[in-house]
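Here is the structure we will look at.
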Amino acid sequence: MLSLQEVKLCLEDAGQSHVLQFWPELSKEERARFLLELSQLDLKGLQDHCDGAAKAAASPSTKLDGNIEPVLPEFIGSTQKSDTNTLASWESEGILQISQNRVGVLLLAGGQGTRLGVQYPKGMYDVGLPSGKTLYQIQAERIHKIQELADLKHGSKCTVPWYIMTSEFTLDPTEKFFKEHHYFGLEPSNVIMFEQRMIPAVTFDGKVILQSKGKIAMAPDGNGGLYRALVDNKVLEDMERRGVEYLHVYCVDNILVKMADPVFIGFCVSKGADCGAKVVEKRHPSEPVGVVCRVGGVHQVVEYSEIQPETAKLRGPGGELVYSAGNICNHFFTRAFLHEVAQKFEVQLKQHVAIKKVPFVDGCGNQVKPDKPNGIKMEKFVFDVFPFSRNFVVFEVVREDEFSPLKNADGAAMDTPTTARASLLAQHSRWARAAGAALLDQHGNTLPPTARVTGESSPSAQCEISPLVSYFGEGLERLLKGKTLPTPFLLDEKRVKELQAL
Ligand SMILES: CC(=O)N[C@H]1[C@@H](OP(=O)(O)OP(=O)(O)OC[C@H]2O[C@@H](n3ccc(=O)[nH]c3=O)[C@H](O)[C@@H]2O)O[C@H](CO)[C@@H](O)[C@@H]1O
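Printed below as a string of structure tokens:
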């Protein structure tokens, strides 16, 4: 730990002496805590960080759109446009890799979930399913199931390790939650939590913001902080020790996420890709999803906050959006590629500017909750490594099967607890019907097949199938064929036993 004198000098050099302006007022404990926090900061790089943030916020964002082109078809695989044999071969390849312990999953869970408006990590959210399961539980159970499917097919006893990137905001509650729930039946040593770095928020004139008299306002360094965090926490070494060659990286809030999706993994492995992204067709030009495209001939994602509206609105001859490859934050990486990124490219990753309302303490020591944006947070994005890939592929999937994110609180038009719940129940109703079941409403009337859920509508049937019973609709026919099922219907392991006993 640095001494107060050393910290003082560094802050002076960085033009940030105001950080210690309330030092005389702090208690002994507060001083010790603050000094520790300041010692852990990159004080040498502080001036560059502050100047860079102020400059980036002041300059208009670089307009990429002149150079933008869609991804060429030869780089795109698709679940909808491929025949059953091809899909089956990708799935087999993925399952084989999983059975050989070569696949891991990595959850990006360091975000603050501001839009959803909860004070706890988003993964702990319960969207109101009949089972009451949280996003974390659903994800854990899908890991269980995919391991089981691989073991059944190959006679293995495999593990899909679950790496979870948290931040100062999410680590403690996430750890506690997993402990309280006994890691949802997973082996704790196969659930590896690690923390991303935090960086100071800065005012428009390049000054570090004090959140309180003895604390700097810090924010996670964006989900692209992953690459530094992999090194800081020796995650790549852990992957190597376990023999994990392929990683499925995903964001926390998509209730339909297919953990270690064997079809996606199999597709990427068959193509010899080092990096891949799953996409869905964008619904409308202003949908808040990034667009996978090429800029100056190089694959990358142009984030929804950075694309020009005129570009987003462009349509092809058939009326389809030209930039329709909507990023769903589900990425494939080889360990070798991640290693190269960590060694060579991490420092080159672009910094994105987010202008936010950051609570602060003013010069007189008053706590202020600003009503308009006052601070700059710099973030790196997880997909900004795509340009460094030598063999990048895109995998197009069906929205109804794979993407329904939880971003906003109920009341918003889309991506809410209600729409997430509706998407999952509609998918499970489709599975039950495809397996040959009829679903009945409370009055005993047969419910019509669920319309394609657009996110806004409610499904007609409350049918939930535990991931411990089925991962993607498989294995249901022997249980449900010819059955008439009153809803709400919850197919969990207990119910399976009852059905088998009939
Ligand atoms: C930068 C990025 O990936 N943007 C994608 C993200 O946008 P979106 O703006 O929705 O991204 P979020 O803020 O939800 O973050 C995505 C994920 O990254 C995690 N996180 C975020 C910040 C951080 O410092 N640390 C961290 O781990 C979050 O916990 C979350 O799991 O998802 C959309 C799909 O739903 C995509 O269309 C966007 O292109």
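Anchor point for the sequence shown: position 98 equals 1062 in this note's numbering, and the numbering is continuous, going up by one each time.
Where a beta carbon is used, it is the ideal one built from N, C-alpha and C, also for glycine.
Measure the C-alpha to C-alpha separation of residue i and residue j and round it to an integer number of angstroms.
i            : j            : result
residue 1455 : residue 1145 : 21 Å
residue 1262 : residue 1231 : 21 Å
residue 1079 : residue 1015 : 28 Å
residue 1207 : residue 1192 : 21 Å
residue 1362 : residue 1435 : 16 Å
residue 1041 : residue 1058 : 15 Å
residue 1178 : residue 1072 : 29 Å
residue 1190 : residue 1200 : 11 Å
residue 1107 : residue 1294 : 15 Å
residue 1318 : residue 968  : 31 Å
residue 978  : residue 1338 : 21 Å
residue 1467 : residue 1385 : Outside the shown range of the chain (965 to 1466) lies residue 1467, about which nothing can therefore be said.
residue 1175 : residue 1366 : 39 Å
residue 1417 : residue 1001 : Low local confidence applies: a pLDDT of 46 at residue 1417 is under 50, so the model's placement there is unreliable, with the coordinate-based value given in what follows. Spanning the two alpha carbons is a distance of roughly 48 Å.
residue 1104 : residue 1126 : 9 Å
residue 1034 : residue 1044 : 19 Å
residue 1459 : residue 1397 : 17 Å
residue 1098 : residue 1135 : 17 Å
residue 1447 : residue 1095 : 21 Å
residue 1195 : residue 1204 : 13 Å
residue 1457 : residue 1081 : 34 Å
residue 1246 : residue 1266 : 13 Å
residue 1172 : residue 1249 : 36 Å
residue 1451 : residue 1389 : 11 Å
residue 1065 : residue 1152 : 17 Å
residue 1277 : residue 1037 : 20 Å
residue 1333 : residue 1242 : 39 Å
residue 1271 : residue 1347 : 15 Å
residue 1466 : residue 1369 : 38 Å
residue 992  : residue 986  : 13 Å
residue 1467 : residue 1353 : Past the boundaries of the shown model lies residue 1467; the chain is included only from 965 to 1466, so the question cannot be answered.
residue 1273 : residue 1251 : 11 Å
residue 1464 : residue 1111 : 23 Å
residue 1009 : residue 1307 : 19 Å
residue 995  : residue 1327 : 19 Å
residue 1030 : residue 1275 : 9 Å
residue 1311 : residue 1285 : 34 Å
Would residue i and residue j qualify as a contact pair, given that the criterion is a beta-carbon distance under 8 Å?
i            : j            : result
residue 1428 : residue 1392 : yes
residue 1180 : residue 983  : yes
residue 1185 : residue 1162 : yes
residue 1255 : residue 1290 : yes
residue 1411 : residue 1425 : yes
residue 1467 : residue 1007 : Nothing can be reported for residue 1467: it is not among the residues displayed for the chain, which extend from 965 to 1466.
residue 1219 : residue 1091 : yes
residue 1378 : residue 1017 : no
residue 1109 : residue 1444 : no
residue 1137 : residue 1088 : yes
residue 1349 : residue 1309 : yes
residue 1373 : residue 1383 : no
residue 1101 : residue 1148 : yes
residue 1483 : residue 1287 : Absent from the structure is residue 1483, since the part of the chain shown begins at 965 and ends at 1466.
residue 1268 : residue 1253 : yes
residue 1462 : residue 1227 : no
residue 1358 : residue 1039 : yes
residue 1345 : residue 1316 : yes
residue 1168 : residue 1020 : no
residue 1166 : residue 1340 : yes
residue 966  : residue 1023 : no
residue 1117 : residue 1063 : yes
Does any C-beta atom of chain B lie closer than 8 Å to the C-beta of residue i?
i            : result
residue 1227 : Among the chains of the structure shown, chain B does not appear; only one protein chain is present.
Pull the bridge partners of residue i from the DSSP assignment, please.
i            : result
residue 1014 : Answer is none; residue 1014 lacks a bridge partner.
residue 1180 : 1174
residue 1319 : 1340
residue 1033 : 1258
residue 1090 : 1098
residue 1298 : 1210
residue 1127 : 1070 and 1156
residue 1428 : 1454
residue 1410 : 1404
residue 1202 : DSSP, once it has assigned bridges, lists no residue as partnering residue 1202.
residue 1227 : Answer is none; residue 1227 lacks a bridge partner.
residue 1241 : 1295 and 1358
residue 1163 : 1183
With respect to 7 Å, is the separation between the Cβ of residue i and the closest non-hydrogen atom of ligand 3 below this value?
i            : result
residue 1292 : This structure does not include ligand 3; its bound ligands are ligand 1.
>> Within 8 Å, do at least three Cβ pairs link the region 1061 to 1076 to the region 1209 to 1223?
In response: Yes: at least three Cβ pairs fall under 8 Å.
>> Taking 8 Å as the cut-off, does the region 1120 to 1127 touch the region 1395 to 1411 (at least 3 CB pairs, one atom from each stretch)?
In response: No: the two stretches stay apart, fewer than three of their Cβ pairs being nearer than 8 Å.
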